[in-house]
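Residue numbering for the sequence shown follows my numbering, starting at 973 and increasing by one per position.
Glycine included, C-beta positions come from ideal geometry on N, C-alpha and C.
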Amino acid sequence: MYIRSLWRNRLARSAVNRKVGGSSPPRDVSLCCPQASCLCGSASCLLSSCCPSTNNSTISRLAFSFLLVLGTLVSIIMILPGMEEHLNKIPGFCKDSSIIPGTVNCEIIVGYKSVYRMCFAMACFFFLFTIIMIRVRSSRDPRAALQNGFWFFKFLALVGITVGAFFIPDGMFNTVWYYFGVVGSFFFIIIQLILFVDFAHSWNESWREKADNGNTKCWFGAMLFFIIINYILALTAVVLFYIYYTQPDDCTEHKVFISLNLIFCIIVSIVAILPKVQDALPNSGLLQASLITLYTMYVTWSAMTNNPNRQCNPSLLNLVQQITNPGATPAPGPAPPTPAPGNVQWWNAQSIVGLILFLFCTLYASIRSSSNTQVNKLMQTEDGQGLTSEYDAPTGDDGVRRAVDNEEDGVTYSYSFFHFCLFLGSLYIMMTLTNWYKPDTDYKAMLTTMPAVWVKICSSWLGLLIYLWTLVAPLVCQNRDFS
973 MYIRSLWRNR LARSAVNRKV GGSSPPRDVS LCCPQASCLC GSASCLLSSC CPSTNNSTIS
1033 RLAFSFLLVL GTLVSIIMIL PGMEEHLNKI PGFCKDSSII PGTVNCEIIV GYKSVYRMCF
1093 AMACFFFLFT IIMIRVRSSR DPRAALQNGF WFFKFLALVG ITVGAFFIPD GMFNTVWYYF
1153 GVVGSFFFII IQLILFVDFA HSWNESWREK ADNGNTKCWF GAMLFFIIIN YILALTAVVL
1213 FYIYYTQPDD CTEHKVFISL NLIFCIIVSI VAILPKVQDA LPNSGLLQAS LITLYTMYVT
1273 WSAMTNNPNR QCNPSLLNLV QQITNPGATP APGPAPPTPA PGNVQWWNAQ SIVGLILFLF
1333 CTLYASIRSS SNTQVNKLMQ TEDGQGLTSE YDAPTGDDGV RRAVDNEEDG VTYSYSFFHF
1393 CLFLGSLYIM MTLTNWYKPD TDYKAMLTTM PAVWVKICSS WLGLLIYLWT LVAPLVCQNR
1453 DFS
């Protein structure tokens, strides 16, 4: 009776909308599911009465991102000290290999194996949705109900895949999945840079609009402040890189990486303010270029911290002590020896920073609202589709605020591509939490992470090339409409 009453009230509201307005706002997709049954319904059921007006498409993205973040938190817990005692009870994890050649006790790297399996489960989950959601055009497609609803069952599916992943025998699994992680992380780093480009464009556009509406000097002064800060931080990073991550007679690769990325960042900064580029892209400027420069320096630093050559890769803690206490700086000499076998270091500074940036990009990808045409084409989203809705989300009789279905005429983002990004994010998290350690039967080979260095450096170059293309594309392809 209760469901029937809700249905009659819904029909009555729809009839009033048709009579009064002629055209009704997007329909309320949440006719379902009060209270607990909401978990089996649409994404709009996940809201409460205190939530702001929100589109159904945004809630779905946030919910999927929450599943990724939840899996990330579980992975972090698995590598915390003391957890190896519990994880070692999993059947088969250390079977026939209690001692790995190189005197590394299997109990030491059991957290490493657990992260691989947890991220494997998340990657399979999101890749499955990538396949299922190919060519979904609107919320009228039956598959859209699977995208925007059935959250309880999707959570159970993720848990089931995770449990099954922990029964995968070692064999070649770790090595093969490592290479999947390397390739996936390469593309996810590029996606991160694209999201930073979009964030900078949206930031610049928002402050320009506020400057045009009043208090011009204040807003342009604030923009100038952040531009200067970004470039100062980037330049400071370059100086520190040359001092601490290079040696007069060693670290040739680092010298090349730092120099090339500095030159490339100068080039894109100059191109961003060229008069012709400004005419074609009025919102282009140094704010975007400065943020991309700072991010490129981070990727450069992250790559150098994966160099197994300890003379070119000092500990960040030692660097902080040297900078804060210049008088205690030790004379140049051999770097500290490689950690003794059996002491695998799971966390370092670049992993923590990478995790923070990952969380930011994941959240931003879920709520972004951009009018930048080039970035929207790359991310396969429509213009201006973000967190807020132009309609007030209706509140049901049960006090739950409902989101509105803004995708009846067409999806606001590619469901398949969004899940593919989360799939890549799962691989990136796997490599970040394990410090890109290569699984091998030999301990020294396990610590050889030069592939990570080249993956990150090459992704920074390709990312800068993509940003440069977003600047010059309207000039090169004048026959195309980039507005």
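Closest option to I1339, judged by alpha-carbon separation, among Y1203, G1143, S1174, F1124: S1174. Excluding the 5 residues flanking it on each side, F1389 has same chain C-beta neighbours closer than 7 Å at Q1352, in chain order.
Residue pairing from DSSP places Q1219 in a beta bridge opposite D1222.
When the five nearest sequence neighbours on each side are left out, the beta carbons in the same chain lying within less than 6 Å of the beta carbon of F1192 are those of A1183, in order along the chain. With contacts defined by Cβ atoms closer than 8 Å, V1249 and L1443 form a contacting pair. Short of 6 Å from the beta carbon of L1234, and not among the five residues preceding or following it, lie these beta carbons of its own chain, in chain order: V1210. Relative to Y1088, the option among T1218, L1436, I1401, L1440 whose CA is nearest is I1401. Around the beta carbon of V1148, fewer than 16 other beta carbons lie within 10 angstroms, which makes this residue exposed.
Exclusion of the five residues before and after F1159 leaves L1396 as the residues of its chain whose Cβ lies within less than 7 Å of its Cβ. C1096 is the residue among Y1084, C1096, M1050 whose C-alpha sits nearest the C-alpha of F1392.
In the pairwise beta carbon analysis, the region 1105-1118 is classified as not touching the region 1151-1171: fewer than three pairs are separated by under 8 Å. For N1233, the secondary structure class from DSSP, reduced to helix, strand or coil, is helix.
Contact between the region 1227-1243 and the region 1163-1178 is not established, with fewer than three Cβ pairs separated by less than 8 Å. In terms of CA proximity to C1333, L1034 leads the group S1029, L1034, L1447, N1202. For F1138, same chain residues with a beta-carbon under 7 Å away, outside a window of 5 residues either side, are I1062, R1089 in chain order. L1130 sits close to A1093, with the two beta carbons spaced by under 8 Å. The Cβ atoms of L1266 and A1244 lie no closer than 8 Å to each other. T1268 and L1436 do touch by the CB rule: their CB atoms are close to 6 Å apart, below 8 Å. Nearest neighbour of Y1214 by Cα position, chosen from Q1283, E1181, F1198, I1238, turns out to be Q1283. Ranked by Cα distance from Y1217, the first of N1255, M1276, A1194, D1251 is M1276. For C1393, the uninterrupted alpha helix (DSSP H) segment begins and ends at 1387-1405. Beta-bridge pairing by DSSP links T1353 to Y1385. Leaving aside the five residues that flank Y1203 on each side, the residues in its chain whose CB is nearer than 6 Å to its CB run, in chain order, S1262. In the structure shown, the three-state DSSP call for L1258 is helix. For Y1409 and I1163, the gap between their C-alpha atoms comes out near 23 Å.
The beta carbon of I1140 lies closer than 7 Å to those of R1089 in the same chain, with the five residues before and after it left out.
By alpha-carbon distance to G1083, the top candidate from L1059, C1091, F1098, F1099 is L1059. Bounds of any alpha helix (DSSP H) do not take in S1111, whose DSSP letter is neither H nor E.
By the Cβ-count criterion, N1187 is exposed, with fewer than 16 other Cβ atoms from all chains shown falling within 10 Å of its own Cβ. Considering only L1434, I1081, L1394, the residue with the shortest C-alpha distance to L1052 is I1081. When the Cα atoms are used, L1335 and D1221 turn out to be separated by approximately 44 Å.
Distance check between L1327 and each of T1044, W1123, I1049 places T1044 closest, using alpha-carbon atoms only. Taking 8 Å as the cut-off, the Cβ atoms of E1379 and S1029 count as close.
The beta-carbon distance between I1166 and I1438, rounded to whole angstroms, is 7 Å. This is short enough to meet the 8 Å contact definition.
S1178 sits exposed, since fewer than 16 C-beta atoms from the chains shown fall within 10 Å of its C-beta. Apart from sequence neighbours up to five positions away, the residues of its chain that approach L1329 with a beta-carbon distance below 7 Å are Q1164, ordered along the chain.
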